[in-house]
Ligand code: FAD
Ligand code: UDP
């Protein structure tokens, strides 16, 4: 008899399992339908010995001391600082767009004028969403915003979501604002890096507890029939849990094509984005982020695609008003179930980063444990 059956062994499920087992001494069964723990953060060594991220490049970043201190109990960090270029007309443009990027996107006279106007309008060391920039009252900035929108955001977003930036919630493209700084890193957070040794060892440590049993390759519905438990934490898709009675929630999926080369470097950066007509959005070179010393290098082309239930993975919820309304109906149904807690990127239908998934799990634990927060 388990206190909790947890469905999904990504960060949300694994952190909750760890807290409930190690602090509250509860008996936990955690199950994942995939053949491994780690959720989308899962990594492994490929046949060439290169550590690769199966479900796309994962770079940890957070501004939260609490989340950083918590997860750092399960890993050391490699100090990697994520820098990304967009390839625009065969020229690398630093992302997020910042004052340095203007030199690559405009002629030097224009870049100087735009830079001065940006600083004048928003101040130094600030940021502005591209969708706000194109509506700015200053015509120099509006025009610059339109060029940045066309060259960096428009085609990339169409490929990624099959929607234009304006059809999505503004929060999607605001993840990558335009900065009034020079030489910014992709993330602007207090802490960032990749776990030394990879993500999968974090999950082994989180779940290595006598109170936790782990089963992989088993979906929730099967575990529910097979084992006895008091309560459930469900981190899979909310629409699936309720048999789609309120309609299907759409997701975006991805396909990765990996290649190995017998050379130490394939491209300048760990990630290069292609905001153009090519069918892929980015190329990832793993050793440039894991900082693993290997003779050869493995890269992955990332192709966005439609999500088809049972055929591929639901990687991204699609943040739009319409989809949030469908999810709200499921949330109301979920609120009525006293013995089931819903959490995570799928169950909350929210575009969480890893730190946010961990933060959500920690606060749910606090609630369960009756802690004041
Ligand atoms: P998941 O990791 O999705 O785990 C949920 C698990 O539940 C899955 O393993 C799934 O198999 C399992 N499951 C689903 N349904 C069932 C069921 N019915 N029964 C049993 N098991 C079930 N975040 C960052 O912070 N930095 C990054 O650089 C970054 N890059 C990303 C790149 C890509 C391409 C993607 C898709 C995501 C990226 N993320 C990144 C986000 C990160 O992956 C998520 O924040 C994190 O994985 C969320 O953890 P989770 O446990 O909520 O969900
Ligand atoms: N984006 C873009 N061009 C880029 C990078 C990002 O248009 O070169 C937009 C796109 O809509 C993307 C969103 O910004 O989905 C968020 O980018 P992020 O890199 O955070 O996406 P993720 O890593 O989560 O896939």
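Residue numbers (the working numbering): 2 to 374. Virtual Cβ for every residue (Gly too), placed ideally from N, Cα, C.
#### Entry: Strand pairing of residue 306, partner residues [DSSP]
The count along the chain shown starts at 1 and reaches residue 306 at position 305. Beta-bridge pairing links residue 306 to 254.
### Message
For residue 259, list the residues DSSP reports as bridge partners.
### Response
Position 258 of the chain shown holds residue 259. DSSP, once it has assigned bridges, lists 301 as partnering residue 259.
### Query
At what residues does the beta strand (DSSP E) containing residue 366 begin and finish?
Here residue 366 refers to the residue found at position 365 when the chain shown is read from its first residue. First-last for residue 366: 355 to 369, but that is the alpha helix (DSSP H), not the beta strand (DSSP E).
### Query
From 319, 340, 75, pick the residue whose C-alpha is nearest to that of residue 195; which is it?
The count along the chain shown starts at 1 and reaches residue 195 at position 194. Ranking the options by Cα distance to residue 195, first place goes to 75.
### Query
Do the CB positions of residue 69 and residue 192 come within less than 8 Å of each other?
As a first step, residue 69 must be located in the chain shown, where it is residue number 68. As a first step, residue 192 must be located in the chain shown, where it is residue number 191. Cβ atoms of residue 69 and residue 192: closer than 8 Å.
### Message
For the ligand FAD, is there any heavy atom lying closer than 7 Å to the beta carbon of residue 207?
### Response
Start at 1 with the first residue of the chain shown, and residue 207 comes out as number 206. Flag unset: Cβ of residue 207 not near the ligand FAD.
### Query
So does residue 238 have its beta carbon nearer than 7 Å to some heavy atom of the ligand FAD?
Taking the first residue of the chain shown as 1, we reach residue 238 at position 237. Yes, since a heavy atom of the ligand FAD falls inside the 7 Å radius drawn around the Cβ of residue 238.
### Query
Helix, strand or coil: how does DSSP classify residue 158 here?
Translated into the one-based positions of the chain shown, residue 158 becomes position 157. Residue 158: helix per DSSP, three-state reduction.
### Message
By alpha-carbon positions, which one of 184, 341, 150 ends up nearest to residue 135?
### Response
Within the chain shown, numbered from 1, the residue matching residue 135 stands at position 134. For the options 184, 341, 150, the alpha carbon positioned closest to that of residue 135 is the one of 150.
### Task
Could you spell out where the alpha helix (DSSP H) holding residue 325 opens and where it closes?
Here residue 325 refers to the residue found at position 324 of the chain shown. First-last of the alpha helix (DSSP H) with residue 325: 322 to 336.
### Query
Roughly how many whole angstroms lie between the Cα atoms of residue 99 and residue 185?
As a first step, residue 99 is located in the chain shown; it is residue number 98 there, counting from the start. As a first step, residue 185 is located in the chain shown; it is residue number 184 there, counting from the start. So the two alpha carbons sit approximately 7 Å from each other.
### Task
Can you grab the Cα-Cα spacing for the pair residue 175 / residue 358, in whole Å?
Here residue 175 corresponds to residue number 174 of the chain shown, with the count starting at 1. Here residue 358 corresponds to residue number 357 of the chain shown, with the count starting at 1. In a straight line, the C-alpha of residue 175 is about 19 Å away from that of residue 358.
#### Entry: Alpha carbon of residue 182 to alpha carbon of residue 126, nearest angstrom
Within the chain shown, residue 182 is the residue found at index 181, counting from 1. Within the chain shown, residue 126 is the residue found at index 125, counting from 1. In a straight line, the C-alpha of residue 182 is about 5 Å away from that of residue 126.
### Task
Drop a sphere of 10 angstroms on the beta-carbon of residue 355, count the other beta-carbons inside from all chains shown, and report buried for 16 or more, exposed for fewer.
Indexing the chain shown from 1 puts residue 355 at position 354. It counts as buried.
### Query
Tell me the DSSP bridge mates of residue 89?
Locating residue 89 in the chain shown gives position 88, counting from the first residue. In DSSP, residue 89 forms a bridge with 92.
#### Entry: Check: residue 148 C-beta below 7 Å from any heavy atom of the ligand UDP
Residue 148 sits at position 147 when you count from the first residue of the chain shown. The answer is no for residue 148.
### Query
Rounded to a whole number of angstroms, what is the C-alpha to C-alpha distance between residue 39 and residue 216?
For this step, residue 39 is matched to residue 38 along the chain shown. For this step, residue 216 is matched to residue 215 along the chain shown. Near 12 Å, if we compare the C-alpha coordinates of residue 216 and residue 39.
### Query
Taking the Cβ atom as the reference point for each residue, do residue 30 and residue 3 lie within a distance shorter than 8 Å?
As a first step, residue 30 must be located in the chain shown, where it is residue number 29. As a first step, residue 3 must be located in the chain shown, where it is residue number 2. Yes.
### Query
Around the C-beta of residue 138, are 16 or more other C-beta atoms found within 10 angstroms, so that it is buried, or is it exposed?
The count along the chain shown starts at 1 and reaches residue 138 at position 137. So residue 138 counts as exposed.
### Message
By the DSSP assignment, the alpha helix (DSSP H) with residue 221 in it spans what residues?
### Response
Residue 221 sits at position 220 when you count from the first residue of the chain shown. Residues 221 to 227.
### Task
Assign residue 282 to one of three DSSP states: helix, strand, or coil.
Taking the chain shown and counting its residues from 1, the one referred to as residue 282 is at position 281. Coil, per DSSP.
### Message
Can you tell me whether residue 121 is helix, strand or coil according to DSSP?
### Response
Here residue 121 corresponds to residue number 120 of the chain shown, with the count starting at 1. If DSSP states are grouped into helix, strand and coil, residue 121 belongs with the helices.
### Message
I need the straight-line Cα distance from residue 95 to residue 367, nearest angstrom please.
### Response
Here residue 95 refers to the residue found at position 94 when the chain shown is read from its first residue. Here residue 367 refers to the residue found at position 366 when the chain shown is read from its first residue. Each residue's alpha carbon lies about 40 Å from the other.
### Message
For residue 234 and residue 84, I'd like the C-alpha separation in whole angstroms.
### Response
Within the chain shown, numbered from 1, the residue matching residue 234 stands at position 233. Within the chain shown, numbered from 1, the residue matching residue 84 stands at position 83. Whole-angstrom Cα-Cα distance: 36 Å.
#### Entry: Cβ neighbour criterion (16 or more within 10 Å) applied to residue 263
Counting from one through the chain shown, the residue named residue 263 turns up at place 262. That one is exposed.
### Message
Quick check on this structure: which residue in 172, 340, 255 has the alpha carbon closest to the alpha carbon of residue 317?
### Response
Counting from one through the chain shown, the residue named residue 317 turns up at place 316. Answer by Cα proximity: 255.
### Coil, strand or helix - residue 13 by DSSP
As a working mapping, residue 13 is identified with position 12 in the chain shown. Note: residue 13 maps to helix in three-state DSSP.
### Message
Tell me whether residue 353, by its Cβ, gets closer than 7 Å to a heavy atom of the ligand FAD.
### Response
Counting from 1 along the chain shown, the entry for residue 353 is found at position 352. Correct: residue 353 has its Cβ closer than 7 Å to the ligand FAD.
### Message
If I measure Cβ to Cβ from residue 28 and keep anything under 6 Å in the same chain, skipping five residues before and after, which residues do I get?
### Response
What you label residue 28 is simply residue 27 of the chain shown in a count that begins at 1. Within the same chain, residue 28 has close Cβ partners 3, 4, 212.
### Query
With DSSP run on the structure shown, which of helix, strand or coil describes residue 142?
Along the chain shown, one-based indexing puts residue 142 at 141. The three-state secondary structure of residue 142, taken from DSSP, is helix.
### Query
Straight-line CA distance for residue 239 to residue 88?
For the purposes of this step, residue 239 is identified with residue 238 of the chain shown, where counting begins at 1. For the purposes of this step, residue 88 is identified with residue 87 of the chain shown, where counting begins at 1. Cα-Cα distance, rounded: 37 Å.
### Query
Which of helix, strand or coil does DSSP assign to residue 234?
On the chain shown, residue 234 is found 233 positions in, with the first residue counted as 1. Residue 234: strand per DSSP, three-state reduction.
### Task
Return the CA-CA distance between residue 268 and residue 102, expressed in angstroms with no decimal places.
For the purposes of this step, residue 268 is taken as the residue at position 267 of the chain shown. For the purposes of this step, residue 102 is taken as the residue at position 101 of the chain shown. About 19 Å.
### Task
Compare the Cα-Cα distances from residue 258 to each of 305, 249, 372 and report the closest residue.
Along the chain shown, one-based indexing puts residue 258 at 257. Cα-wise, what sits closest to residue 258 is 305.
### Message
Taking 8 Å as the cut-off, does the segment 240 to 252 touch the segment 56 to 64 (at least 3 CB pairs, one atom from each stretch)?
### Response
no
### Message
Relative to the C-alpha of residue 322, which candidate in 112, 276, 167 has its C-alpha closest?
### Response
Counting from one through the chain shown, the residue named residue 322 turns up at place 321. Measuring from the Cα of residue 322, the nearest candidate turns out to be 167.
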